[in-house]
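Residue numbers (the numbering used here), protein chains in the order written: chain A, 1 to 385; chain B, 1001 to 1416. Ideal placement from N, C-alpha and C gives every residue a C-beta, glycine not left out.
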Amino acid sequence: MKKLNVVSYVKRTKWAVLLLAIAFLFLFGRVVKSPALTKTAIVVGTGVDFDEQTKEFEVTTQTIIMASSASESSAQTTYETYTDRGKTISGALDRISRKIGLTVSLAHCEVLFLSRTALKLDHLQLIYPLTLMYALREQAIIVTGDKTPREMLAVRIGSTVSAPFFLQSALANSEGTDGLIKTTAKDMLASSMSRSQATAIPYITAVKMQDQPMDQQGELKDNFEFDLSRTLAFDHDKSIVLDEELSEILAIYLSNDTRGSLNYTAKNGGTVEFKILDKSVKTTAKGKNVSAKIELSVNLLDIQFLSDGKVVTGADSLVKEAANALAKELTDKLNRLMRTALESDIDFLGVQAKAYQSVGRDLPEHCLDKLTFTPSVKLTVKEAA
Amino acid sequence: MKNLKIRHGLYKNLPAGTVYNSQAGCVLFALCIAFKLSSAPGVVSETYGSSTLWAYLAMSAIEIGVTAAVFAFARMQGDDLLRCSGSRLYRLCCGAASIWLVLKGTFYFCYCVSYLAQELFGGVEPALLYLLFLAPIVYMGIKGSRSIARTCEIFIPVVAAFIIFNLVFYDTTLDFGRNLPVFALPPSRFFANLPRYGLWLGDALPFAFLRIKNKRLPYVSASIAISFGLVAIVIALGVATYGEALKMVTDLLIHTAGFNQLTTDIGRMEWSNLFCAVSLAILALSFIYFGAIAAGERATRTRAPMATLFPLAVIAVIAVVPSAQEAAEFAVRGMGYALTALAVILPFAMLFDAVATKRRLKGVYASLGAEYIPYPLPSPTRPHSLADNIMSDFKESSQESFPALDNGTLDVTEES
C-alpha cells in the first residue's frame, strides 16, 4: 500500500485553507467585541436641536423597548425618550447611551427631527456623522416643526402613541398630497449641495386633540395630533414656512410619488374632488429659461353643489371644465411659488440647479432673479383602474 | 492527473499559466467592479462634482485602450515570444510592472480595508482585519491564475445576480440631469485632474503574463462591454441619486443596495452588496498579486522576491501609516500621475516590443507553442542491409529491383 505523505497531502488539498480559516475564525471570535443586539438600543426617532448661545447640540432619541414574560401572551412595548447635550451630536448620543445603558444605533431610525437653528448649520456635517458612525439610513425622513425636537418626540399621538411611527406611516402612505413632502436625508443633502442650495421639508405643528381617546379606565389625557400640511423651505441661512395652499402644489412638484386628492371650488360654490391616479413632472431648461410641465391623471371622486339630481361621470363636460379650471389654478399657484421663492431668495423649486444643467459652469451664483420659470399643468380625467 | 475532456475539444485542466477566455472575462468583471464602484466614485466626485460620470467615461476609454493592448499582447503570445527572444526591454518592463503592481495592490488593499475597518467592523482591531483580508489574497495569489480564474467562475455569477437584483428594485428620487453639465470644471482642469486617478487604471495588466485559450463565444469582449457598461450605469445612477452629495458616499456599490424597495419588507439589503464588494476585492487583489509575482519572475527569474514583497509592503504600510485612509489618499495625489503614466506606457511598450520581435524573429514566432519538429524533414533512406549477411545472395538484385518509396518502405511490386 502506498504510504501517505501527510505534508504533501495537506499542501495539495483544501484542508490547509480550511484549517487556516478555522484558526482565523477562532482568533476573530476571541478578539471581536461586536455589540450584541440585546445591548443595543433600537432608536425609532431622533431629534437634533442647536443652541446658538452655548454652541451646544441637544439630541433626543426615542427608543423602543419590548418586554415579555412567560405569564404574558404578548410582548409589551414602551417608548422611552431621552435627551442630552453635547458639543457634538456624537458627544450627546454617547451621553444618551450611558443614560440608557445600551449602545445607541440609528439603524432603525426612520425619522430625524431637526430644529430651525440646526438647519442653519452645514448640512453635510449634520447628516454625515449620523449615517457613517450611527448607521442612520439615508432614506430617513427629515422633518421640522413649531416645537423643539425634544417636545415633538415626547408628545403622545392618539393613533400610534409614538410620533416617529406616526410620521413614518403618514409620509409613506400620503406622500405628495395635502402638502406632505417626503424629504429623505439623502434628498436634503443632494438639494442643499446643488446650485439651488435649498430644499423643503414638512413643517409639523402639534395640536392637542379636541376629543381625547378613551379606554376602559376613562379618558386618556394629553394626546396630540400632528398637522403636516405646511412646509419649511430653507437654504443655509434663510427659511420660510409655506402655507397649506402653496405646500400642496409644492408637494406635487417635488415629491417622488403622489397620492390623495385635489379639490376645485368654483365661483358659484360648487366643488369637485379628484383623486390623483398618476403624475408626471418634467422640468427642462433651455439656457436661463426653465419650464415645468406637470401632467396629472385624475379620477372623479366627489361632486357637490354643481349638478341637481343628475348622475355625473368623468366624461361629463362639467367635470372636464372643472379639471381645466383646476389645472389653471394649479399653474397660478406654481407661479405664486416662484414669486415667493424670489421674494424670500430661497430657490426651493430648484430652478438654479436646472438652469445650471443647461448653461453650465458659466451660470453665476445666486442668479434666481435672472432666470425665468414657466410652469404648465394639465389634468386628464380618467377612470380608476 | 486525469485530464477530462469537457466539450468542444476543451479540457478541464489547462496547462499552468493558461486560462479560458470565459474565465478571463470573469476576472475582468471582478477587476472592473471591485475598485471602480467602491470608494472611487466618492473620491472622484470630490473633484468633479456633476462631471463625475464624464470623468469616468474618459477614464473608461483610456482603460479600454490599455486593456485592449494587454489582450492583444496576450493573444499574440507576446510573453512566450519575448521570453524566448530574451528581450531586455521586456525584462525591464516586467521589473517596472512588478513594482507597479505591488504598489497598486498595496494602495488598493488600504483603500478597501479602510472602508471595512471604519464603517463595517468598528469593534474589530484594524490589524486583525488587515491580516484576515490579506490571508486569502496571498493564498490565491501564490496558487496562481488557475485558482483565481476558477474561483471567479463560481463567484461572479452570484455577484452579478446580487448587483442586478439591487438595481432592478432600485427606488429613490432620481434626477439624471444632475449628470450635467459635462464640464463642471474648465476642460483644462478636467483633463489635468484625470491622471490623478491612475490607481484605477491598468487593472488588466496581469493578463499579459497568461495564455488565453478561446471558447466559442467572445467572452472577453462581452465582459469588457458588460463591466464598463455596468460601471457607467451605476455611476450615472449614483450622481442622479446623490448629486454633489456623492462625495460623502464611502462605497457606492454597497449604498445602491440601501435603495432596494424591498428593504421595507425584508429589511436592509446592504449586506448583499457588501458580500459582493468583499469577495470581488479579494479576487481582484489576488489577481493583481499574482500579476506582481509573474512579472517579477520574468524580471528576476525567480518568484520569491515579489511573492514576499507584497505582503511585506502591506504589513509595513499598516505598521508605519496610522490609518489605511492616509495611504489610499496618498495614491490620488502626485503618486496618481506616476501610476497613470506606468499604467499606459507599460502595456503599449510590451506590445510594441512583441510586434517588433515578431517581425524580426518570424521563425521563432511561428514555432511558439508548437512541438519540436526538425526542419528540413529527414529524407527517407534505403534500408541498409549490405553488411548484415542476411539474404546476401539477393543483395545486388534486391537493391536494384526494389526502389525506396517516399515513406521509407521498399517498392516490392514486381515489374512486368
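- Only buried fits I1235 (chain B), as 16 or more other CB atoms lie within 10 angstroms of its CB.
- If you ignore the 5 residues before and after P1041 (chain B), its C-beta comes within less than 7 Å of the C-beta of T1052, I1235, G1238, L1246, V1249 and L1252, all in its own chain and listed in chain order.
- Listed in chain order, the positions of the segment 270-287 of chain A with a beta carbon within less than 7 Å of a beta carbon of chain B would be empty, since no residue qualifies.
- Residues of the segment 145-166 of chain A with a C-beta atom less than 7 Å from some C-beta of chain B do not occur.
- Runs of the beta strand (DSSP E) spanning 3 or more residues and lying entirely within the segment 183-247 of chain A occur at 199-208, 223-234 and 239-242, in chain order.
- Rounded to the nearest whole angstrom, the CA to CA distance from L126 (chain A) to G1065 (chain B) is 42 Å.
- Among the residues of chain B, those whose CB is under 7 Å from the CB of D187 (chain A) are T1173, following chain order.
- L1180 (chain B) reaches chain A at Y356, Q357, S358 and G360, counting residues in chain order whose Cβ is nearer than 9 Å.
- Using a C-beta cut-off of 8 Å, the segment 1254-1262 of chain B makes no contact with the segment 1063-1077 of chain B, since fewer than three inter-stretch Cβ pairs fall below that distance.
- For I1212 (chain B), the closest of B:R1146, B:L1351 and B:P1187 by C-alpha to C-alpha distance is B:R1146.
- Within the segment 1126-1141 of chain B, contact with chain A at the beta-carbon level (separation under 7 Å) is assigned to L1128, L1132, A1135 and Y1139.
- The straight-line gap separating the alpha-carbon atoms of A1341 (chain B) and G1198 (chain B) is approximately 8 Å.
- By the criterion of at least three beta-carbon pairs nearer than 8 Å, the segment 141-150 of chain A is in contact with the segment 179-195 of chain A.
- In this structure, the straight-line span from the alpha carbon of A1366 (chain B) to that of D1079 (chain B) is close to 14 Å.
- Unbroken beta strand (DSSP E) runs of no fewer than 3 residues, entirely contained in the segment 1016-1097 of chain B, are found at 1018-1020, following chain order.
- Ranked by Cα distance from C1093 (chain B), the first of B:E1329, B:T1264, B:V1159 and B:L1351 is B:L1351.
- Residue environment for E52 (chain A): exposed (fewer than 16 other C-beta atoms within 10 angstroms of its C-beta).
- Less than 9 Å divides the Cβ of I1148 (chain B) from the Cβ of V1027 (chain B).
- Under DSSP, F57 (chain A) shares a beta bridge with A:F50 and A:G86.
- Under the DSSP assignment, Y264 (chain A) falls in the beta strand (DSSP E) whose first and last residues are S261 to T265.
- Taking a Cβ-Cβ threshold of 9 Å, none of the residues of chain A is close to A1299 (chain B); the smallest such distance is about 27 Å.
- With respect to the 9 Å criterion, A323 (chain A) and Y253 (chain A) are not classified as neighbours on the basis of their beta carbons.
- When the beta-carbon positions are compared, F1287 (chain B) and A1074 (chain B) stay at least 9 Å from each other.
- Inter-residue distance for R259 (chain A) and E273 (chain A) is about 13 Å (C-alpha atoms, whole angstroms).
- Taking the beta carbon of M1269 (chain B) as reference, no residue of chain A falls within 8 Å; the closest one sits roughly 11 Å away.
- Under the Cβ distance rule, G1177 (chain B) counts among the residues neighbouring chain A, one pair being separated by less than 9 Å.
- The Cβ-Cβ distance between A107 (chain A) and P149 (chain A) does not fall below 9 Å.
- Around the beta carbon of D243 (chain A), fewer than 16 other beta carbons lie within 10 angstroms, which makes this residue exposed.
- Relative to T340 (chain A), the option among A:S239, A:K208, A:G269 and A:T380 whose CA is nearest is A:S239.
- The beta carbons of L1210 (chain B) and G1017 (chain B) sit closer together than 9 Å.
- Straight through space, the alpha carbons of K288 (chain A) and K370 (chain A) are spaced by roughly 8 Å.
- Taking all protein chains shown into account, H366 (chain A) has fewer than 16 neighbouring C-beta atoms within 10 Å of its C-beta and is therefore exposed.
- Contacts with chain B at 9 Å (Cβ-Cβ) do not include R85 (chain A).
- Apart from the 5 residues on each side of it in sequence, A1331 (chain B) sits with its Cβ closer than 6 Å to the Cβ of F1107 and L1199 in its chain, given in chain order.
- A Cβ-Cβ distance of about 6 Å is found for the pair F57 (chain A) and G86 (chain A), placing them in contact under the 8 Å criterion.
- Taking 7 Å as the upper bound on Cβ-Cβ separation, chain B lies near residues L124, Y128 and L132 of the segment 114-135 of chain A.
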